[in-house]
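Below: one structure, written as structure tokens.
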Amino acid sequence: MTVALPTAGSGSPHHAPRESNALYDIPGPRTRHRHRIYGLISTAVLLALIGWILYLLFDTGQFTATKWTPFEYKGIQELLLRGLGNTLKAFGIAAVLSLVLGALLATGRLSDHAPVRWLSTLIVEFFRAMPVLVMIFFIFVALKVQPLPALVAGLTLYNGSVLAEVFRSGVNAVERGQGEAAFALGMRKTQVMSYVLVPQAARAMLPAIISQLVVALKDTSLGYLITYEEFLHAGKLIASNLDYDLPFIPVVMVISPIYIGMCMLLSWFAHWVARRQRRNPRTEAVDIAPPEPGTLLPGGNPPAAPRG
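So the sequence shown is numbered by my numbering: it starts at 1242 and just counts up by one.
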């Protein structure tokens, strides 16, 4: 007796066939059940950890009115706002200068002139390897620069060198034929970079650029080590002048969400720019009109259907 085996495309009315993926197989019932168990265990562990942290906070009196009432004072609010403004000022200046320096160094590394390429590579590798805190301290102490310029200079040198590698890698990631086709049309290298390679690489580079800017934003907190009155320095002044017991949890709970919010705002801005690029008419597909019959030559007749 011959038994007909079900094929991969066949399925019963109650069990629709599943599509497999090129990277992994669709999990079966046992695997899905096991994954649900893992998910429940992970959720329980996370909830237990959060509960334990909250218990420690309540047990050490971190939510008492004594530790939170000072934030209602106008002087403390002004101190926090002034520190936040100084943080944003240092970040804004460092971000713009880092992008400019990164573009210049990337251009040098992509240059056809060997001395320019070697000098740019030396600068990039040196400042990428140098800890940013060491650079800030050196500029502040050895060169006797004011806190804000010292902080901005250190952030610019480090983040600009990292962004130079991001820009260079993004341009080199564009398909080689794009540049060759542009050169074949008679474009100069500046035109090829400006009109062909950089616009195509910008979309791929955007996530890495935003990630590095987030790093620059967080590194502005190093300014309190050189007495720059940024946001973290303001929190330290509040904690040291209010006779808080260690740790300064209320100050951390006020400052940390603001830092996290600013980083999330940068990420949202990156997604917004990416959506704008996708809606850009220059990058959208062009609709092609359907084919139409061609025009007959003068005196020509359409071909007659063959007679059977």
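Glycine included, every Cβ here is placed at the ideal spot set by N, Cα and C. Keep in mind the model is a prediction, meaning the values are calculated, not measured.
Note on the stretch 1371 to 1409: there is no whole beta strand (DSSP E) run with a minimum of 3 residues. Judged by their CB atoms, A1405 and A1336 are not nearer to each other than the 7 Å cut-off. The C-alpha of S1283 is placed about 43 Å away from the C-alpha of P1440. With respect to M1446, G1411 sits close: the two C-beta atoms are nearer than 7 Å. Ranked by Cα distance from G1343, the options R1323, E1366 and D1353 are led by E1366. Taking a contact as a CB-CB distance under 8 Å, the pair L1325 and F1510 does not count as one, their CB atoms being some 18 Å apart.
Look at D1353 here: in three-state DSSP terms it is coil, with no helix or strand label.
Within the same chain, L1458 come within 7 Å of M1503 by CB-CB distance, once the 5 residues on both sides are set aside. In terms of Cβ geometry, A1391 and I1467 form a close pair [threshold 7 Å]. Restricting attention to alpha helix (DSSP H) runs no shorter than 4 residues, the stretch 1284 to 1322 encloses them at 1306 to 1309, ordered along the chain. In the structure shown, the three-state DSSP call for E1421 is helix. Residue burial annotation: F1489 is buried, with at least 16 other C-beta atoms found within 10 angstroms of its C-beta.
I1377 and L1329 have their C-alpha atoms roughly 18 Å apart. For the set V1514, Y1296 and Y1436, the Cα lying nearest the Cα of Q1419 is the one of Y1436.
Separation of R1429 and E1416 (C-alpha to C-alpha, rounded to the nearest whole angstrom) is 18 Å. In its chain, beyond the 5 residues on either side, G1343, A1344, A1347 and M1446 have a beta carbon closer than 7 Å to the beta carbon of F1408. Residue environment for D1353: exposed (fewer than 16 other C-beta atoms within 10 angstroms of its C-beta).
L1384 and G1401 have their C-alpha atoms roughly 20 Å apart. Each of L1298, F1424, R1444 and V1393 was checked against the Cα of Y1465, and the nearest Cα belongs to V1393. The alpha-carbon separation between I1450 and L1507 amounts to approximately 10 Å. At least 7 Å separates the beta-carbon of V1492 from that of A1475. Closest in C-alpha terms to V1373, from the list V1403, Q1387 and P1356, comes V1403.
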